[in-house]
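Read in order, the letters of the sequence shown correspond to residues 4 to 377 in my numbering.
For glycine and all other residues, C-beta sits at the position ideal for the given N, C-alpha and C.
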Amino acid sequence: MHLFSDNIVNNKRQDAFDLCKTISIILMILCHVFYTMQYSVPATLNPTYIAHNAVRLLGAQSFMFCMGMGIAYSKNNSVPYFIKRGCKLILSGYMLNFLCLVLPTIIIGKSLIFGEAFVTNKFLMLLGSDILQFAGLVLMFFAIIKYFKFSDKTIFIITLCITLFGAFCNNKIFLTLTPEHFYYSFVGLFVPVKNFLEAEYVCFSFSNWIMYPVAGWLFGKLLKHCFNLSKFYLYLLGISLPLFFIEYIIFNMLGVNLWLVLMNPDIYHQQPPLFLFTYMNIIMLVLSLSHFASIYLTKLKIWDIIKHLSSELPTLYIASWIVIGWFSAWLKYTNRTLSVSFGNVLFVFVFVYACSEIYVYLKNKCKKVNKSKI
Numbered sequence: 004m005h006l007f008s009d010n011i012v013n014n015k016r017q018d019a020f021d022l023c024k025t026i027s028i029i030l031m032i033l034c035h036v037f038y039t040m041q042y043s044v045p046a047t048l049n050p051t052y053i054a055h056n057a058v059r060l061l062g063a064q065s066f067m068f069c070m071g072m073g074i075a076y077s078k079n080n081s082v083p084y085f086i087k088r089g090c091k092l093i094l095s096g097y098m099l100n101f102l103c104l105v106l107p108t109i110i111i112g113k114s115l116i117f118g119e120a121f122v123t124n125k126f127l128m129l130l131g132s133d134i135l136q137f138a139g140l141v142l143m144f145f146a147i148i149k150y151f152k153f154s155d156k157t158i159f160i161i162t163l164c165i166t167l168f169g170a171f172c173n174n175k176i177f178l179t180l181t182p183e184h185f186y187y188s189f190v191g192l193f194v195p196v197k198n199f200l201e202a203e204y205v206c207f208s209f210s211n212w213i214m215y216p217v218a219g220w221l222f223g224k225l226l227k228h229c230f231n232l233s234k235f236y237l238y239l240l241g242i243s244l245p246l247f248f249i250e251y252i253i254f255n256m257l258g259v260n261l262w263l264v265l266m267n268p269d270i271y272h273q274q275p276p277l278f279l280f281t282y283m284n285i286i287m288l289v290l291s292l293s294h295f296a297s298i299y300l301t302k303l304k305i306w307d308i309i310k311h312l313s314s315e316l317p318t319l320y321i322a323s324w325i326v327i328g329w330f331s332a333w334l335k336y337t338n339r340t341l342s343v344s345f346g347n348v349l350f351v352f353v354f355v356y357a358c359s360e361i362y363v364y365l366k367n368k369c370k371k372v373n374k375s376k377i
């Protein structure tokens, strides 16, 4: 059935993406909260392991897919804007490393968050690459494709080639580079330089993750021409849900538990193409469900909170990491440990989130004051 128009007919704010971004930031903060605790649970399907690693099913992937969607819908899509914003995000990533890792370690003591290689080598800790640096590179990538005016088909082919190259690097480059190389983290920005469990802090290599924002961007461009969102998402649900069950059955027949594989840190951070497809299918499934859930949630007061969390996602992410970094260093300084229990997880999560919201409030208030002075 015909669902799309040649003209743009759907240029309004997308409720399904607001809900997905809200879920994403909550899961990411929750996952980072576990880093402050004595977490050493083996890979089994017990509640603790699932709680810590659930973010791997719908965390950074969803966030980066939604970032691509935001680019498709944004009016700020010029080459200079992408370059300027990309540079700011990369610098913000390194500043975050300093504020949440290096500075607490210098002032208070060793951080609980990452391994000894990064505690003893503060320069390496400073240059660690995370999602902000990756987001900055994504905008640089969009600046390039915007400048050369590549077609959507060409952009997808380029992205696919980069993804396959990253998959090749998973098996080759990480064998020859170690954290002792001074250019380790710089290379890690672009390709996976080492097994994640050994590397500790080269989390989102460009070649492994670029497919998510590009897919989100192409999806957003398609969605802008859709004049019946409910019917479109119903079809998408009808495809993604059976497809996921088929994948689960195939893995089960091979003697592999799909949930354990998808929550594995190596698989999550290095995104092999086969599993990238599975993660992408989960995003499509959750997006479809989010659309139908948002139809009812938008009528409730809670939707104001959801919109707030969605719009403040980058600020909450940065603020929460800073709080977690200092809280972790304080635990180390006072020789305290937190066991993984529901009460402890809830307490730390509420504390981190409350502090992050205070930062968001103060930041927005300062913006208003500065605007009033102009």
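In the DSSP assignment, find the unbroken alpha helix (DSSP H) run with residue i in it and report its ends.
{"i": "Arg16", "result": "Where Arg16 is concerned, there is no enclosing alpha helix (DSSP H), given that its DSSP letter is neither H nor E."}
{"i": "Lys302", "result": "Looking at the DSSP string, Lys302 is not in any alpha helix (DSSP H), and its letter there is neither H nor E."}
{"i": "Arg88", "result": "82-100"}
{"i": "Pro245", "result": "232-256"}
{"i": "Val264", "result": "261-265"}
{"i": "Pro268", "result": "268-273"}
{"i": "Val190", "result": "187-193"}
{"i": "Ile110", "result": "106-110"}
{"i": "Ser381", "result": "Within the shown structure, residues of the chain are numbered from 4 to 377, placing residue 381 beyond reach of any answer."}
{"i": "Phe144", "result": "134-151"}
{"i": "Ile74", "result": "63-76"}
Kindly indicate if chain C contains any beta-carbon less than 9 Å away from that of residue i.
{"i": "Pro107", "result": "The displayed structure is made up of one protein chain only, and chain C is not part of it."}
Residue i and residue j: beta carbons closer than 9 Å?
{"i": "Gly89", "j": "Leu142", "result": "yes"}
{"i": "Gly73", "j": "Gly219", "result": "yes"}
{"i": "Ile93", "j": "Leu140", "result": "yes"}
{"i": "Leu3", "j": "Phe137", "result": "This structure cannot speak to residue 3, because the chain is shown only from 4 to 377."}
{"i": "Asn284", "j": "Glu315", "result": "no"}
{"i": "Ser188", "j": "Leu130", "result": "yes"}
{"i": "Thr340", "j": "Leu349", "result": "no"}
{"i": "Cys23", "j": "Val353", "result": "no"}
{"i": "Phe278", "j": "Ile286", "result": "no"}
{"i": "Ile298", "j": "Ser233", "result": "yes"}
{"i": "Leu167", "j": "Gly71", "result": "no"}
{"i": "Arg59", "j": "Pro268", "result": "yes"}
{"i": "Ile32", "j": "Ser313", "result": "no"}
{"i": "Leu303", "j": "Asp18", "result": "no"}
{"i": "Phe230", "j": "Val363", "result": "no"}
For residue i, tell me which candidate among the options has the shortest Cα-Cα distance.
{"i": "Asn392", "options": "Asp18, Thr39, Val12", "result": "A query on residue 392 cannot be resolved here, the shown segment of the chain reaching from 4 to 377 and no further."}
{"i": "Ser243", "options": "Tyr150, Leu292, Ile109", "result": "Leu292"}
{"i": "Ser132", "options": "Phe207, Cys172, Lys87, Lys78", "result": "Phe207"}
{"i": "Tyr236", "options": "Ala296, Ser210, Phe280", "result": "Ala296"}
{"i": "Thr108", "options": "Leu92, Met128, Thr25", "result": "Met128"}
{"i": "Trp306", "options": "Thr25, Asn14, Val12", "result": "Thr25"}
{"i": "Val36", "options": "Lys368, Lys366, Gly346, Asn284", "result": "Gly346"}
{"i": "Leu365", "options": "Leu319, Val351, Gly169", "result": "Leu319"}
{"i": "Ile134", "options": "Leu106, Val105, Phe209", "result": "Phe209"}
{"i": "His294", "options": "Val190, Phe280, Asn260, Leu239", "result": "Leu239"}
{"i": "Phe280", "options": "Lys304, Asp21, Cys172, Leu246", "result": "Leu246"}
{"i": "Ala75", "options": "Trp329, Val105, Asn14", "result": "Asn14"}
{"i": "Val343", "options": "Tyr336, Cys34, Gly258, Arg16", "result": "Cys34"}
{"i": "Asn211", "options": "Asn231, Val190, Ala170, Cys229", "result": "Ala170"}
{"i": "Cys103", "options": "Phe330, Lys304, Val190", "result": "Phe330"}
{"i": "Ile110", "options": "Val372, Asn373, Tyr336, Val351", "result": "Tyr336"}
{"i": "Phe20", "options": "His311, Val372, Val105, Lys374", "result": "His311"}
{"i": "Tyr282", "options": "Leu163, Met256, Phe68", "result": "Phe68"}
{"i": "Val105", "options": "Ala332, Cys369, Asn367, Val351", "result": "Ala332"}
For residue i, is the beta carbon positioned less than 8 Å from some heavy atom of the ligand GTP?
{"i": "Lys91", "result": "The ligand GTP is absent from the structure shown, which contains no ligand whatsoever."}
Contact the segment 272-281 vs the segment 204-215: 3+ CB pairs below 8 Å: yes
Stretch-stretch touch, CB-based, cutoff 8 Å, three pairs: the segment 357-366 with the segment 316-329: yes
Cβ contact check for the segment 219-231 and the segment 5-23: 3 or more pairs under 8 Å: yes
Given 8 Å, three or more beta-carbon pairs between the segment 79-86 and the segment 148-156: yes
Inside the segment 301-341 only - alpha helix (DSSP H) runs reaching at least 4 residues: 305-314, 316-336
Segment contact flag, the segment 151-167 with the segment 256-269, C-beta cutoff 8 Å, min 3 pairs: no
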